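J.: Please find one structure pasted underneath; my questions will follow.
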Amino acid sequence: MSLTDRKPDRTVRPAVSARKVAIMAVFIALSAVGSLIKLPSPLGTVALDSAPGFFTAVAFGGWLGFVVAAVGHLLTSAIAGFPLTLPLHLLIALGMGICAQVFCWLGRRGTVGMVAGLVVTAVLNSFGLGLVVLPVGGWGMYVASVPSLLVGAVVNLVIATIAYYAVRNTRLVN
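1489 is the number of the first residue of the sequence shown in the working numbering; add one for each residue after it.
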């Protein structure tokens, strides 16, 4: 049997299905809307942009949430004019995607896991990602920005958690 005689394998599915692309598109659009709702901060990039990313991560999977959270942060930063420079905002977007992955990993482990995911992700999002400002503004900027980052993270995570618990037993996510 030569290579030309072999029939194509029809069971191979694409890595990204049309359904996943549609889910990402809808929640990236919601992130764009959320990026316009700013929370007071010294940086100007704290907004309700990551709630759709966190929801997508816990409801549909970590990688989808990764993409939505990262793009959501880049949209917010673009609207604010990339105040920390584009390379730092790309690094923060990567960190936001990782936070969405962590929230997915913990949040899918029952109620205790969801609470743990909320706490761990809020700490990573504020104290961990806040370290990115050190090269630009030093410890003063870090200390000034962490409270607003923590409030923003908690608000986004609570919105995502409430939305997830509202739809978790429906056909939307199952």
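C-beta: ideal position from N, C-alpha, C; glycine also.
The structure displayed is predicted, hence computed values, not measured ones.
#1: Our contact map puts Cys1587 next to Asn1613 with C-beta atoms below 8 Å; I'd like the distance itself, whole angstroms only.
#2: Please classify Ser1505 as buried or exposed, where buried requires at least 16 neighbouring CB atoms within 10 angstroms.
#3: Roughly how many angstroms lie between the CA atoms of Ala1547 and Ala1651, to the nearest whole one?
#4: Closer than 8 Å is the cut-off here; do at least three beta carbon pairs connect the stretch 1622 to 1636 with the stretch 1654 to 1661?
#5: Applying the criterion that 16 or more other CB atoms from any shown protein chain within 10 Å of the CB defines a buried residue, is Ile1525 buried or exposed?
#6: With burial defined as no fewer than 16 other Cβ atoms inside 10 Å of the residue's Cβ, what is the status of Leu1617: buried or exposed?
#7: Output yes if chain B places a C-beta closer than 8 Å to the C-beta of Gly1585; else output no.
#8: Classify Leu1622 as buried or exposed, calling it buried when 16 or more other Cβ atoms lie within 10 Å of its own Cβ.
#9: Around the C-beta of Leu1645, are 16 or more other C-beta atoms found within 10 angstroms, so that it is buried, or is it exposed?
#10: So who's on the other strand from Ala1539, going by DSSP bridges?
#11: Enumerate, from N- to C-terminal direction, the unbroken alpha helix (DSSP H) stretches of 4 or more residues contained entirely within the stretch 1527 to 1579.
#12: Which residues in the same chain have their Cβ closer than 6 Å to the Cβ of Gly1583, if we skip the five residues on either side of it in sequence?
#13: Got a sec? Which residues, its chain only, sit under 6 Å from Phe1515 by beta carbon, not counting five neighbours each side?
#14: Suppose the cutoff is 7 Å on Cβ atoms and the five residues either side in sequence are ignored; what does the same chain contact list for Ile1580 look like?
#15: Going by DSSP in three states, Val1620 sits in which element: helix, strand or coil?
#16: Grab the span of the alpha helix (DSSP H) containing Ile1525 for me, first residue to last.
#17: Taking Cβ to Cβ, would you say Ala1513 is nearer than 8 Å to Leu1563?
T.: If we stick to the structure as given:
#1: Working through the sequence shown from its first residue, we reach residue 1587 at position 99. Working through the sequence shown from its first residue, we reach residue 1613 at position 125. That pair is a contact at about 5 Å.
#2: Locating residue 1505 in the sequence shown gives position 17, counting from the first residue. Exposed, since its Cβ has fewer than 16 Cβ neighbours within 10 Å.
#3: In the sequence shown, residue 1547 corresponds to position 59, counting from 1. In the sequence shown, residue 1651 corresponds to position 163, counting from 1. Between Ala1547 and Ala1651, the C-alpha separation is close to 9 Å.
#4: Not touching, per the Cβ criterion.
#5: Taking the sequence shown and counting its residues from 1, one reaches residue 1525 at position 37. An exposed status is given to Ile1525, since fewer than 16 other beta-carbon atoms sit within 10 Å of its beta-carbon.
#6: In the sequence shown, the residue the question calls residue 1617 occupies position 129. Around the CB of Leu1617, 16 or more other CB atoms lie within 10 Å, so the residue is classed as buried.
#7: Absence of chain B from the displayed structure is noted, only one protein chain being present.
#8: As a working mapping, residue 1622 is identified with position 134 in the sequence shown. Counting other Cβ atoms within 10 Å of its Cβ, Leu1622 stays below 16 and is therefore classed as exposed.
#9: By one-based count along the sequence shown, residue 1645 stands at place 157. Classification of Leu1645: buried, given that the 10 Å Cβ count is 16 or more.
#10: Position 51 of the sequence shown holds residue 1539. Bridge partners of Ala1539: none, in fact.
#11: Entirely contained in the stretch 1527 to 1579, the alpha helix (DSSP H) runs reaching 4 residues are, in chain order, 1539 to 1548, 1550 to 1568.
#12: Counted from its first residue, the sequence shown places residue 1583 at position 95. Excluding the 5 residues flanking it on each side, Gly1583 has same chain C-beta neighbours closer than 6 Å at Leu1617, in chain order.
#13: Your numbering for residue 1515 matches position 27 in the sequence shown. Cβ neighbours of Phe1515 beyond the five flanking positions: Pro1540, Thr1544, Val1556.
#14: On the sequence shown, residue 1580 is found 92 positions in, with the first residue counted as 1. These residues qualify, in order along the chain: His1561, Leu1617, Val1620.
#15: One-based indexing of the sequence shown puts residue 1620 at position 132. Reduced to three states, the DSSP call for Val1620 is helix.
#16: For the purposes of this step, residue 1525 is taken as residue 37 along the sequence shown, with counting starting at 1. According to the DSSP assignment, Ile1525 belongs to no alpha helix (DSSP H), since it is labelled neither H nor E.
#17: Your numbering for residue 1513 matches position 25 in the sequence shown. Your numbering for residue 1563 matches position 75 in the sequence shown. No, these two residues do not count as a Cβ contact at 8 Å.
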